[in-house]
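Following: one structure in structure tokens, then a few remarks.
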Amino acid sequence: RARDAEDAAQRAATMERKLKDAAHALEMRERKLVELEESIEHRKNKLERDAARAQDEARDVVRRNVESSEHRVEMEKHKAKEAIRERDALHRRLEHAEARVIEIEGAFAAHKKAQLETSEA
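What follows is the structure, encoded as structure tokens:
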């Protein structure tokens, strides 16, 4: 009987040790899971911040490109208007010069005719 009690006590001690080991192993797994969850949450937050920053940067790049393109378009419109003004001014100068040439040629022809008439007389 004492032997049975001693065996039972030893079995109980063995079971208690196994339960403590299992509880410790379970606690360690739970800690590891909490650490992993925290790590995942940290990574998730970092990725979300990085994605938001990248999206903001992309928006800024697009905005700057649009502004730059609009500016270039305005500059080209201005250049085109200036070129048209210059063309029109040159055209007027050409017309004026052609009229002047016709006038001078007429005056020269009249002078030549007058010279011919005086030398014949």
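Each residue of the sequence shown is one higher than the one before, starting from 767 at the first, in this note's numbering.
C-beta: ideal position from N, C-alpha, C; glycine also.
Backbone secondary structure at residue i - three-state DSSP
i	result
Arg767	coil
Beta-carbon proximity list for residue i, same chain, < 6 Å, skipping 5 on both sides
i	result
Glu801	none
Same chain, Cβ closer than 8 Å to residue i, neighbours up to 5 away in sequence not counted
i	result
Glu886	none
What beta strand (DSSP E) runs, 3 residues minimum, are completely inside the stretch 797-850?
-> Taking only runs of at least 3 residues, no beta strand (DSSP E) segment lies wholly in the stretch 797-850.
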